[in-house]
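Chains as they are written, first to last, in this note's numbering: chain A, 1 to 235; chain B, 1001 to 1353. Heads up, the beta-carbon is just placed ideally off N, CA and C, and yes, glycines get one too. Read through the structure below, which is laid out as C-alpha cells, and then see the notes.
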Amino acid sequence: MAAISAEGLVRGYGSIPVLQGLGMTVDEGSIYGLLGPSGCGKTTLLKVILGFLEPESGTMNVKGDIPGSDVGYSPQEIALYPDLSIAETMRFHGRLHGMKADRILSRQSWLIEFLDLPEPNRPVGKLSGGQKRRVSLAVALLHEPALLLLDEPTVGVDPELRARIWNHLQEIAANGTTIVITTHYIDEAGKANRVGLMRDGILLAEDTPKAVMDSQSTSSLEEAFLALCRREVKA
Amino acid sequence: MNFQRVYAIAARKFASLRRDKRMFGFIVIMPALQILLFGWAIGGTPTDLNVVVVDDGPAEQSAIFIGYIEGGDALLVSYSDSMDEANATVENGASWAVFHLLPDGTISVVLDNSNQQVTNTILLEVRDAMQEANGGQLPLDIADPIYGDRDPSFIDFLAPGIMTLVCFMFSTILTTMTFVGERHDGTLDRIFAAGTQPSEVLFGHLGAFSVILIGQVAVVIAIATLGFEIPINGSVMLLFTVCLLLGWAAMCLGLAISSKAKSEFQAMQLNMPLLFPALLLSGILWPVQALPGWLQPVAWALPTTWTAEACRSIMIRGWGLESTSVQLALLINTIFGVLMLAIASRTIRVRQS
C-alpha cells in the first residue's frame, strides 16, 4: 500500500520552477532513497509531502496526520536551538508531540546509546557537526512516527555509525515505518527498498536499486545515475 | 489550541532567555537605566542661572524683589550700577538676563532669549518676585487647579509618557529578533512538522516574554514613584495593567517585525521607523494638540498616544477604569496587539524556500 503517492507535481518559488511534473510512489513500511544533486528539488519535494507547500498543480496524497505526530522530520540544516542541552531538546520536541515525561526519558536514553551521543546535559551548540546531525536525527526518531522524512541525515557521520543508522532504519521499516531519505552518498542508497533519481524537478527513474542498475547495465547506482543523466541531456 | 505545545514553546523560550546571562541583565537593567536617565536629564527646573540686577527702584520694593530672587535656587544674582556694563555680560554670554529695577516700580528685563526653557524659568521667577514686591497684588488670581499641582513641574507631565515609551520600546526590541533565523534555518519547519499551529508558537513566545515584561513594568513604575517621587493619584494596579497591555501590544509588534525580517539587520531597520514616531508623535515630549492637523491622525493611530494619555489620566488626574481615556487605551492596545499577532501568524505560516 502506498504511504505517499504523487502525480504531476508542479511547484516553484515565484517564477523559478522547481518541481516540474513529478510523480512518485512510496510504499508503506519501506525505505525510499531520494537521490539527486543539490538544487534538484529534493527539499521542496519533502516540503510538499509535509504539507508546507501547496502544489501549483498535480496531486500529493500522504497517509496519516501530517503535519502532526505521524511524521518525524529532520531538515537539511541542523535546525536545533544551540543553547538547549540534548535533554532539553528531547523534552521540547517530546512535549510538542504530546509525549509523557517518562517516555521521553526512556526514548532519550535509548537514542543516546544508539546514536553514540555525549551525556544529555551537553548544550547542542557545543557539539561537533556530526554529533549535532545525530541529535537532529534523534529528534526525528524520538516519537517513533509512522513516517520519517530525513533530509541528508548522514552527512558528517562516520561510516560505522552510518551503517548502524541504516540497519536501524531497515529494522523499523520492516516493522511498518515508512522512510524517505535524501542523501548525497549514492552508494548508501543501495540499501533502500526503492530509489528515486531526481534531476531538474522530475524523477529520471524510480525503482529498486537493482532494477535501476540493471536497466542501465551498470554495476553501481552512481554509474546508473550518470547514464540516465546523459540520456536525458541527449533527449 | 493545544496548551501542552504552547507550554513547551514557552518553557523552551524562557530557558533560552534565562541562560543568556548578559541578555538577561540587559533586559532588566536597561529599562531601569533609561527611565533614570530620562528623569535626571529631562523635565527638571534649571538652577543657578546668572542674572544681573541694576537697581534704580524704590528702596522697599527692590529689597523685597531682590530678597525673593536671592532666596530661590533658580537664579545666581550679581549687581551692577551701569546698564551698559550689565548688558555687556549678556552679550558675552556671562549672564542670561538683566533686571533693571526702575524708579516707578516697574522692571525692565533684557534677555538672552536663546533657550526657551531658561527664559521661562527666569520669567516665572520675575513674575513671582514682582507679585511678592507688590504685596501679592497682581490683578490675577489663579485658583487651586482641579488636576495637577499648583506648581506643575515638567517631569510630572513627562513621566507618564516616558514610562509608556520605555514599556513600548523594550518590549518591541525584546521580541524583534525572535524568529529571525529560525524561520529560514528549518527550526520553525521542524516545529510546524509536529503539527504546531502558528498561534501556538506565538502565544508560547508571548508567555515566556511576559515574565520579563511584568518585571520590567514593575521596575519602571517603582523607579518613577520611589526614585523621582512622581505622584500616582489613581490606582497603581490600573496603571500597571495599562502599561502591561501596551507591553503586550508592543511584543506582538516585535513578533510581527521579526516574522517579516530576513536578517537581524533588517529587523533593526524595521524597528527604527516605528520607534522614532512613537517617541515624537505620541504626545510624550510635546502635546499632540500642537501637531500639524494632518499629522494628528497618525498620532492617534499609535497605541503609545492612547497609553500616554491614559497614564497621565491615572497618575495626575487620578482617574479610574470609568474614564474613557483609560478604556480607550485598553481597547486600542488590545486591537493593535491582535492585529499584529494576525500579521505575525500569517507570515510565519508562509514557508520559505
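**OP:** Quickly, what does DSSP pair A:E206 with across the bridge? List them, please.
**Re:** Answer by DSSP bridge pairing, in chain order: A:G196.
Original post:
What number of angstroms, rounded off, separates the C-alpha of B:F1038 from the C-alpha of B:D1055?
Top reply: Cα to Cα, the separation comes out at about 40 Å.
Original post:
Does the stretch 1084–1091 of chain B come close enough to the stretch 1148–1164 of chain B to have 3 or more Cβ pairs within less than 8 Å?
Top reply: Output reads no: the stretch 1148–1164 of chain B does not touch the stretch 1084–1091 of chain B.
Original post:
Out of A:R122, A:I16, A:G58, which has the shortest C-alpha to C-alpha gap to A:E88?
Top reply: The residue from A:R122, A:I16, A:G58 with its alpha-carbon nearest to that of A:E88 is A:R122.
**OP:** Check the Cβ of B:A1008 against every Cβ in chain A and list those closer than 7 Å, keeping chain order.
**Re:** Going along chain A in sequence order, the residues near B:A1008 (Cβ under 7 Å) are F92, R95, L96.
Original post:
Using Cβ-Cβ distances below 9 Å, what residues of the stretch 64–79 of chain A are close to chain B?
Top reply: The stretch 64–79 of chain A vs chain B, Cβ under 9 Å: D65, I66, P67, G68, S69, D70, V71, G72, Y73, S74, P75, Q76, E77, I78, A79.
Original post:
Which residues mark the beginning and the end of the beta strand (DSSP E) in which A:A2 is found?
Top reply: Judged by DSSP secondary structure, A:A2 falls within the beta strand (DSSP E) whose first and last residues are 2–13.
Original post:
Is the shortest distance between the beta-carbon of B:S1016 and the beta-carbons of chain A less than 9 Å?
Top reply: Interface residue (Cβ-Cβ distance to chain A less than 9 Å): B:S1016 is classified as such.
**OP:** Label B:W1096 either buried or exposed according to how many other C-beta atoms from any shown protein chain fall within 10 Å of its C-beta, with 16 as the threshold for buried.
**Re:** With 16 or more Cβ atoms within 10 Å of its Cβ, B:W1096 is classed as buried.
Subject >> Contact set for A:G36: own chain, Cβ-Cβ below 7 Å, skip 5 residues either direction >> reply: Cβ within range, chain order: K42, L197, M198, R199.
Subject >> Contact set between B:T1164 and chain A, taken where Cβ atoms lie within less than 7 Å >> reply: What B:T1164 touches in chain A: nothing, since even the nearest Cβ is about 32 Å away.
**OP:** Step through the CB atoms of chain B and report whether any lies within less than 9 Å of the CB of A:Y81.
**Re:** Taking a beta-carbon distance threshold of 9 Å, A:Y81 counts as an interface residue toward chain B.
**OP:** Anything in chain A within Cβ reach of B:T1347, meaning under 8 Å, just list it in chain order.
**Re:** In chain order: nothing, as chain A lies at least about 14 Å away.
Original post:
Using a beta-carbon distance below 9 Å, is B:S1353 in contact with chain A?
Top reply: Unreliable placement is indicated for B:S1353, whose pLDDT of 41 sits below 50; the coordinate value is still reported in the next sentence. Chain A contact via Cβ: present.
Original post:
In whole angstroms, what is the alpha-carbon distance linking A:H93 and A:S220?
Top reply: Each residue's alpha carbon lies about 39 Å from the other.
Original post:
What three-state label does DSSP hand B:G1337 in the structure shown?
Top reply: If DSSP states are grouped into helix, strand and coil, B:G1337 belongs with the helices.
Subject >> Outcome for A:I16 when other beta-carbon atoms lying within 10 angstroms are tallied against a minimum of 16 >> reply: With fewer than 16 other Cβ atoms inside 10 Å of its own Cβ, A:I16 counts as exposed.
**OP:** Using 10 angstroms around the beta-carbon of B:D1141, count the other beta-carbons present and answer buried if the total reaches 16, otherwise exposed.
**Re:** Exposed, because fewer than 16 other Cβ atoms sit within 10 Å of the Cβ of B:D1141.
Original post:
From A:E7 to A:E223, what does the alpha carbon distance come to, in whole angstroms?
Top reply: For A:E7 and A:E223, the distance between alpha carbons rounds to 27 Å.
Subject >> Against chain B: residues of the stretch 125–146 of chain A by CB proximity under 9 Å >> reply: The residues in question are S136, V139, A140, H143.
**OP:** Excluding the 5 residues preceding and the 5 following A:L84 in the sequence, name in chain order all residues of the same chain whose CB lies nearer than 8 Å to its CB.
**Re:** Excluding sequence neighbours, A:L84 sits near F92, P123, V124.
Original post:
Would the beta-carbon of B:G1247 fall within 9 Å of that of B:S1325?
Top reply: No, the Cβ-Cβ distance between B:G1247 and B:S1325 is not below 9 Å.
**OP:** Rounded to whole angstroms, what's the CA-CA distance from B:A1222 to B:I1232? Just pull it up for me.
**Re:** Answer to the nearest angstrom: the Cα atoms are 11 Å apart.
Original post:
Below 8 Å, can you find three or more Cβ-Cβ pairs linking the stretch 204–211 of chain A to the stretch 51–67 of chain A?
Top reply: No, they do not touch.
Subject >> Alpha-carbon spacing of A:C229 relative to A:L204, whole angstroms >> reply: The alpha-carbon atoms of A:C229 and A:L204 are separated by roughly 8 Å.
Subject >> Beta-ladder partner(s) of A:Q108, from DSSP >> reply: A:Q108 is bridged by DSSP to nothing; it lacks a bridge partner.
Original post:
Taking three-plus beta-carbon pairs below 8 Å as touching, is the stretch 1243–1262 of chain B in contact with the stretch 1325–1336 of chain B?
Top reply: Yes, the stretch 1243–1262 of chain B touches the stretch 1325–1336 of chain B.
**OP:** Identify, in the order they occur along the chain, each residue of the same chain with its Cβ nearer than 8 Å to the Cβ of B:Q1117, setting aside the five sequence neighbours on each side.
**Re:** Excluding sequence positions up to five before and after B:Q1117, its CB lies within less than 8 Å of the CB of P1046, all in the same chain and listed in chain order.
Original post:
Hey, B:A1074 and B:T1121 are a contact pair by Cβ (cut 8 Å); roughly how many whole angstroms apart?
Top reply: Contact holds; Cβ gap of about 5 Å.
Subject >> Distance between A:P159 and A:L236 (C-alpha atoms, nearest Å) >> reply: No answer is possible for residue 236 of chain A: the residues shown for chain A start at 1 and end at 235.
Subject >> Selection of the stretch 1253–1285 of chain B by Cβ proximity to chain A, strictly under 8 Å >> reply: Against chain A - using a Cβ distance shorter than 8 Å - the stretch 1253–1285 of chain B contributes no residues.
**OP:** Report yes or no: do the stretch 17–24 of chain A and the stretch 68–79 of chain A share at least 3 C-beta pairs separated by less than 8 Å?
**Re:** Between the stretch 17–24 of chain A and the stretch 68–79 of chain A, the count of C-beta pairs closer than 8 Å stays below three; the two stretches do not touch.
**OP:** Taking B:P1198 as part of the beta strand (DSSP E), name the residues at either end of that continuous run.
**Re:** Bounds of any beta strand (DSSP E) do not take in B:P1198; it lies within the alpha helix (DSSP H) bounded by 1198–1222.
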